[in-house]
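These notes concern the structure reproduced below.
Protein chains in written order, with the numbering used here: chain A, 1 to 147; chain B, 1001 to 1710.
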């Protein structure tokens, strides 16, 4: 599921559980996005700096450097802090959501999250970021989905 | 020095000239020297105010001066009067021989003056032109000046004395003096004395009798009448009791006090006296017994009082005896010597023995007595100590049993503070000793008990500590369990996430078109996965509530909006159910302060249950506010299958759906109401259930209008 489209926005999916990661990647690509993958927090930071994705899907429970830490670092980096981060959390608790917000996540979705719901959230966040940075064209995959 | 009658007449001016004339006339007609002298003295007393006066005369050739008249003199002074004519240096003899009166003042005490305690004049009595003096008139004086009236009297009396001394015999004069002495003696007696003839006619009366029987000329009517009455009473007393010769008659006579008017009681003593020359007289002595009678009455009264007092004392003594005898404790009274003078019956048992008593008994009684004596000596010897308390070891004389007693000895003092008696009260200590022994046993038992209680307490504390540790261990275990469950459900959900995700991807045609049979299978996978997920979520909720990891987020919100939200979330199910679903929200409903998410979860659950178990009819959501309790009620009423009374508690238990077979038809995890109950408790509320099988159920959530932060 690594087939890349050259047109859609780049989504970095950070998830240590391979099945889930690949499932989201496949569905995002199916939905018209370009996808990059990372398996831990450290890799997520490296890939972000290397690829400068349009949006990051960040699982918070990660080995090595966890999602909160990775988010904090990315949000404190001038180069990467503008990139929206959607947290993926398994515990639908207010506490977790607060932790995610404090770390700098722009929104979060609770696992289990159906691929449909995840793609909808990514689309919403990109639209929000696009309206914030006026003038910058948003390359949404919506057209292709509607086809 | 010659004085004429004319000169004498001139001198009559000071006193009433008639009184002087009367005296001169009397003198001319009298030949008795003594009568003359007495008349002169009386005249002095009544006309010149001289208190004391003496007339003494002397024969020219005789040596002692003789008293012939006196006034105001004591009998002792009369008896003692003795001046010799030969004693030429005696002040009175010298005064007698002087031509003029001599004045003696009180300080002149180198001789025994006949007029004692007052100054006096000594005036020589002589004929007008004579040089020889026949006597002396002594008159008490107020000063050296001699009153002219006294001087006049002295001259008058001097002429009379000079005239009569030549004719009078010495014996007569002597007799006169003795008679005078008798008078004064009679007068000196305080009892009235009368000399009467046998008819009761008064011959002589002393001054005290005169007071009763003779009224002076100037006395008032009362006095005169009293005197008359007394005379009558006296005469009657004498005549009714004829007095025989040589016998003393004694009777009572009631007279009247002429001055006071009060009754006077006299004892009348009468005796006859016979004089050869003058016949028989009656001498009566009246003794005033008024006071005596009064005293007698008083004595009788006192005696009666005394008798009463004696009776009272006897009663008192009787009562005291009764009291002392009724006291169970031995009481003894001992005198200063330590000898027993009084004891009650219990004391007798200890300190006395019958004559028939055995030797042993006598010995014990004796020993008891000795103990008592030494005990009592404590208050006898210790001066100042009026009380003494101590123990005495006595022995019961009959049984020989030891009788320890506590004794209290107290002194009884007389009014003068002398020790009269010692009272000793003994109190049997046998019982007290027994009590003390029992008390000691009790104390030991109590101490033993206390020791056991302490042991038990220590054991209990140990067990408590053990329990506490177990409790901590349990809490830790519980926390670990909750953590485990939380982790587990997380681990469950990760693969479930993949299952659900890939199923959806397949259904969404990510991997190409799916056949109808494949779609049916994929849908089954999806619905079962969803059910599993719901189960896991519910278990996670319960676990978190029980582990206290479900935080409260209190905010204020409107119930109507919340109900609307719930209804819109369940809109697809409501549509499918064909039920009439209505919400009834009063406008006056106050906003609710609580955890909105949890209230919503409860209402959502109740409504979805109602929809699930109601085949036909309606579901109604009603909110109410109880202003008194400040609670808000949200009721979800359906017209569904209902719940039997026995099952109304069960529905709130974990994994309960009342019938397993419909469960599949109704779906759900069987944990919904259990979670609702727990959540409502977290919010300080409750959930009620009213139901009737076949008619429907009403679940009501009651919540405080303003939840307190936990």
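The C-beta atom is built at its ideal place from N, Cα and C for all residues, glycine as well.
Proximity winner among the options, relative to residue i (alpha-carbon distances)
i: residue 961(B); options: 1290(B), 1198(B), 1637(B), 1334(B); result: Nothing can be reported for residue 961(B), as the shown portion of chain B is limited to 1001 through 1710.
i: residue 1614(B); options: 1643(B), 1481(B), 1628(B); result: 1643(B)
i: residue 1425(B); options: 1185(B), 1418(B), 1214(B), 1411(B); result: 1411(B)
i: residue 1408(B); options: 1182(B), 1627(B), 1377(B); result: 1377(B)
i: residue 1567(B); options: 1034(B), 1631(B), 1580(B); result: 1580(B)
i: residue 15(A); options: 87(A), 83(A), 73(A); result: 87(A)
i: residue 1694(B); options: 1702(B), 1403(B), 1648(B), 1639(B); result: 1639(B)
i: residue 1388(B); options: 1396(B), 1374(B), 1397(B), 1401(B); result: 1374(B)
i: residue 1683(B); options: 1703(B), 1689(B), 1674(B); result: 1703(B)
i: residue 1708(B); options: 1565(B), 1588(B), 1555(B), 1649(B); result: 1555(B)
i: residue 1216(B); options: 1259(B), 1129(B), 1466(B), 1449(B); result: 1259(B)
i: residue 1529(B); options: 1510(B), 1080(B), 1511(B), 1503(B); result: 1503(B)
i: residue 1094(B); options: 1068(B), 1337(B), 1121(B), 1310(B); result: 1121(B)
Exposure label - residue i; buried when at least 16 CB within 10 Å
i: residue 111(A); result: buried
i: residue 1597(B); result: exposed
i: residue 1021(B); result: exposed
i: residue 1052(B); result: buried
i: residue 1586(B); result: exposed
i: residue 1439(B); result: exposed
i: residue 1139(B); result: buried
i: residue 1612(B); result: buried
i: residue 1206(B); result: buried
i: residue 1458(B); result: exposed
i: residue 1332(B); result: buried
i: residue 1431(B); result: exposed
i: residue 1420(B); result: exposed
i: residue 1111(B); result: exposed
i: residue 1678(B); result: buried
i: residue 1359(B); result: exposed
i: residue 1484(B); result: exposed
i: residue 8(A); result: buried
i: residue 1155(B); result: buried
9 Å Cβ cutoff, residue i in contact with chain B
i: residue 120(A); result: no
i: residue 63(A); result: no
i: residue 116(A); result: yes
i: residue 112(A); result: yes
i: residue 26(A); result: yes
i: residue 30(A); result: yes
i: residue 20(A); result: yes
i: residue 33(A); result: no
i: residue 58(A); result: no
i: residue 52(A); result: no
i: residue 125(A); result: no
One or two residues paired with residue i in a DSSP bridge
i: residue 1393(B); result: 1404(B)
i: residue 1202(B); result: 1196(B)
i: residue 1691(B); result: 1697(B)
i: residue 110(A); result: 89(A)
i: residue 1423(B); result: 1333(B), 1410(B)
i: residue 38(A); result: 14(A)
i: residue 1598(B); result: Bridge partners of residue 1598(B): none, in fact.
i: residue 1280(B); result: 1274(B)
i: residue 127(A); result: DSSP output for residue 127(A) lists no bridge partner at all.
CB contact check: residue i to chain A, cutoff 9 Å
i: residue 1740(B); result: In this structure chain B extends from 1001 to 1710, so residue 1740(B) is not present and cannot be described.
i: residue 1578(B); result: no
i: residue 1682(B); result: no
i: residue 1504(B); result: yes
i: residue 1533(B); result: yes
i: residue 1497(B); result: yes
i: residue 1494(B); result: yes
i: residue 1548(B); result: no
i: residue 1672(B); result: no
Near the ligand COA: residue i beta-carbon under 8 Å from a heavy atom
i: residue 1622(B); result: As far as ligands go, the structure on display features none, and thus does not contain the ligand COA.
Interface residues of chain E facing residue i [CB-CB closer than 8 Å]
i: residue 1500(B); result: This model lacks chain E altogether, as its protein chains are A and B.
> Okay, do the region 1317 to 1325 of chain B and the region 1358 to 1374 of chain B touch, 3+ Cβ pairs below 8 Å being the bar?
Replying inline: no
> Counting Cβ pairs closer than 8 Å, one from the region 42 to 61 of chain A and one from the region 72 to 89 of chain A, do we hit at least three?
Replying inline: yes
> With contact counted as at least three CB pairs below 8 Å, one residue from each stretch, are the region 1553 to 1561 of chain B and the region 1484 to 1502 of chain B in contact?
Replying inline: no
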